[in-house]
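**Student:** For the sequence shown, the positions run -15 to 266 when our numbering is used.
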Amino acid sequence: MTNASFSLDAFSMCMRTALINDYKAIAYAVATSGLQGKLKSAPLRQLNSSAIAVDGGRIGIRGAGTGLGTARLEYNKEKELYFPLDSEGGHTFLPIDPSNETEVEIAKELMRYTNGRKPNYEDVLSGRGIERIFDFFAYQYIKQGRAKEISDFLEQKKKSEDKAEYIGEAAAGNNPHKIFSDTMDFFWKTYGRSLHDLAVHENARGGVWVAGGIIRKHYSKSRKKQYRDYIENTIMEEFNSGKTHRDWVGQIPVNAILDKRVGLEGCIQVAINEEYMRRETS
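1) I think Tyr203 touches Ala240, with their Cβ atoms under 8 Å apart; what is that distance to the nearest whole Å?
2) Would you identify the three-state DSSP class for Asp181, choosing helix, strand or coil?
3) In whole angstroms, give me the CA-to-CA distance for Tyr105 and Thr174.
4) What whole-angstrom Cβ distance do Ile10 and Ala195 have, given they're in contact under 8 Å?
5) In this structure, how does DSSP classify Val108 when only helix, strand and coil are distinguished?
6) What does DSSP give as the partner residue(s) for Trp193 in the beta ladder?
7) Where does Ala188 sit, in a helix, a strand or coil, going by DSSP?
8) Could you have a look at Gly74 and say whether DSSP puts it in helix, strand or coil?
9) Run the CB neighbour count on Leu23, radius 10 Å, all protein chains shown included, and call it buried at 16 or more, exposed below.
10) Pick out whichever of Tyr59, Val108, Thr265 has its Cα sitting closest to the Cα of Glu186.
11) Can you tell me which residues form a DSSP beta bridge with Arg56?
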C-alpha cells in the first residue's frame, strides 16, 4: 500500500470494486496508454532520446516519492496485452561505492535509522531519504565548525511542512549552496543506479519508466533547463555505468512520467477492461 494515509468506503456502494497496489495502477496506465510515447493527460520525458524499446519487451517501473515503488510489465502474446506484476524491489540493499569515502559514511549514517541493518534503496530514494542525506551533510558542517554557514538553511528546513521539497527546490534554485547540491547529487546518482539494477534484473528491453512525485515535481517546478539537463545526465551516467551488458542496457529507453494522475488513469483502465478487472477481482 502507498505510504500516504487515506480512507476508502466502497463496500457500501453497489458496484464491483478492486483495491490494487499504487504501482500496479501506474503499470496499468503504462500498459494501455503509455506505449505510444505519452500518457493521455501529460507528456513524458525520455531521458535518453536515441534509445528504442523492443516491441513486447518486458518493462520495469520505479518511482521515488513517500517511498520507493516498483512494478513490472510482462507481455502476453495470446491476449495481446501487457499484464503488471507487483514488486518489492525498492527494498533491495543499497549499493555503495567502497572507494568513495563519502558514500561509505552516508551508508553508516543511514544505519542509525535502520536499527543497525544494512540500508536499502528506499532509505535514500524517498522524501525521508532526501532529509537524511541532507542531515548527514549538515552534520559534516557542524563537525568542521561551520554551523553558522548553514544555520539559516537548518531553520528554514525546520519550518518547512515538506522538508524534502524545500531541499529539492533550494538545489534547483540559482547558485544553490553546496549542501543542497551535494544532497541531490547523491540522490540522483543513487536513482540512476537503481534504474540500472531494475533494467538488468528485469531484462527490461521494453523500457524503464520513472514515476513518483519527486522527479515529477523537480521537472515541473524547475524553470531552469540547465537543472533538468543535470538530472537527466546524472541519472543516465549511472544508468549506463554497469560493468556488463552495456550493449543492450544502453538501448533501453528511460522515460520519466510527468503526470501526477497516472495512478488514477491506471485505475480507469482496470475499470473499463474486463480482462484487467477479472484479474484484480479473482
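Idealized CB from N, CA, C, for every residue including glycine.
**Tutor:** With the structure as the only source:
1) Contact flag correct, Cβ pair sits at about 7 Å.
2) When secondary structure is reduced to three states using DSSP, Asp181 falls in the helix class.
3) Going by C-alpha positions, Tyr105 is about 8 Å away from Thr174.
4) Yes, Ile10 and Ala195 are in contact; Cβ-Cβ is about 5 Å, under 8 Å.
5) In the structure shown, Val108 sits in coil (DSSP, three-state: anything other than H, G, I, E or B).
6) DSSP, once it has assigned bridges, lists Ile45, Asn239 as partnering Trp193.
7) The answer is coil: DSSP assigns Ala188 none of H, G, I, E or B.
8) Assigned with DSSP and collapsed to three states, Gly74 falls in helix.
9) For Leu23, the predicted structure reports a pLDDT of 47, less than 50, and the residue's modelled location is therefore unreliable. A value from the coordinates is still provided. By the neighbour-count rule (16 or more Cβ atoms within 10 Å), Leu23 is buried.
10) Of the listed residues, the one whose Cα sits closest to Glu186 is Tyr59.
11) Gly44, Leu69.
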